[in-house]
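Top line first, the protein sequences correspond to chains W and E.
The first sequence lines up with residues 1 to 112 when you count with the working numbering.
The second sequence lines up with residues 1001 to 1116 when you count with the working numbering.
Backbone N, C-alpha and C fix where the C-beta goes; we use that ideal spot for every residue, glycine too.
These numbers were taken from a predicted model, which means no experiment stands behind them.
First the structure, in the form of structure tokens, and then the observations on it.
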Amino acid sequence: KNQVEQSPQSLIILEGKNCTLQCNYTVSPFSNLRWYKQDTGRGPVSLTIMTFSENTKSNGRYTATLDADTKQSSLHITASQLSDSASYICVVSGSNDYKLSFGAGTTVTVRA
Amino acid sequence: EPEVTQTPSHQVTQMGQEVILRCVPISNHLYFYWYRQILGQKVEFLVSFYNNEISEKSEIFDDQFSVERPDGSNFTLKIRSTKLEDSAMYFCATQGGLAPIYNEQFFGPGTRLTVL
């Protein structure tokens, strides 16, 4: 069964600090990996999407990395802001069906 | 910027009743999806829809569920006889194309379904 595991489950950081979230997956064959931001009670919003040939992709203060060999990805948030408080979800798509497999998310709380 | 819209934002229903959740996709998008998220749990795939038929469905999407695009605009999810465990947030997502560069899925704001 295709799985996406994220760590940590939650974290608290001070405004202005950096943090890194981890994602491990077993989806195979692999098509692409996305990171989504989900505010409470809202739909997920895409941050980055990477195919197997991409190692890193940035979107403002968000930088995602991908190691398709080890099936690992990370999302780095630089100079965190209060508005970064949300759940960050790692989502993997397999090349056979394009169905998305979601991780459970990492809840990030940014405090002033 | 184009966005996916969903109605209603919140639906309360009695167990055993039928509910229809509606989604208006981004114009010109061809692929449509329903997902659900039970409170505190991860998002789960329900069904994908293309060219007026289901292309894939999960084990969650049993005979109680159906989808259709009745008027070429709205994309609906029907639950025929709701159960308590159907209480969840239901998200619609739409996509322009299947090629990786295009298969960005755009999510709607969700409909919160509460079954009493």
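In the DSSP assignment, find the unbroken beta strand (DSSP E) run with residue i in it and report its ends.
i                : result
V110 of chain W  : 106–111
H1010 of chain E : 1010–1013
V45 of chain W   : 45–51
Q1041 of chain E : Q1041 of chain E -> no beta strand (DSSP E), and no H or E assigned at all.
Compare the Cα-Cα distances from residue i to each of the options and report the closest residue.
i                : options                    : result
D1062 of chain E : E:R1080, E:Q1011, E:Y1033  : E:R1080
Y112 of chain W  : W:Y88, W:S95, W:S53, W:S80 : Going by the sequence as given, residue 112 of chain W is Ala instead of Tyr. Of the candidates W:Y88, W:S95, W:S53, W:S80, the one whose C-alpha sits nearest the C-alpha of A112 of chain W is W:S80.
G103 of chain W  : W:Q72, W:T51, W:G41, W:K17 : W:Q72
What is the DSSP secondary structure of residue i, reduced to helix, strand or coil?
i                : result
D67 of chain W   : strand
S95 of chain W   : coil
S1087 of chain E : coil
I1101 of chain E : Residue placement at I1101 of chain E cannot be trusted, given a pLDDT of 49 that sits under 50; what the coordinates show is reported in the next sentence. Looking at I1101 of chain E - three-state DSSP - the assignment turns out to be helix.
L1116 of chain E : coil
T1094 of chain E : strand
L11 of chain W   : strand
L82 of chain W   : helix
K1049 of chain E : The sequence shown places Phe at residue 1049 of chain E, rather than the Lys named in the question. Of the three classes helix, strand and coil, the one that applies to F1049 of chain E here is strand, per DSSP.
E54 of chain W   : coil
What whole-angstrom Cβ distance do residue i and residue j have, given they're in contact under 8 Å?
i                : j                : result
T1076 of chain E : L1113 of chain E : Not really, about 13 Å apart at Cβ, beyond 8 Å.
E5 of chain W    : N32 of chain W   : The pair is not a contact, with the Cβ atoms about 18 Å apart (cut-off 8 Å).
G41 of chain W   : G1108 of chain E : The pair is not a contact, with the Cβ atoms about 13 Å apart (cut-off 8 Å).
S1058 of chain E : L1046 of chain E : 6 Å
Starting from the beta carbon of residue i, find every residue of chain C whose beta carbon is closer than 8 Å, and list them in chain order.
i                : result
V1067 of chain E : Given the protein chain composition of this structure (W and E), no chain C is represented.
Looking at the strands, I want to know which residues DSSP matches up with residue i.
i                : result
V1019 of chain E : E:I1079
I77 of chain W   : W:C19, W:Y62
Q1006 of chain E : E:C1023
R1036 of chain E : E:E1044, E:Y1090
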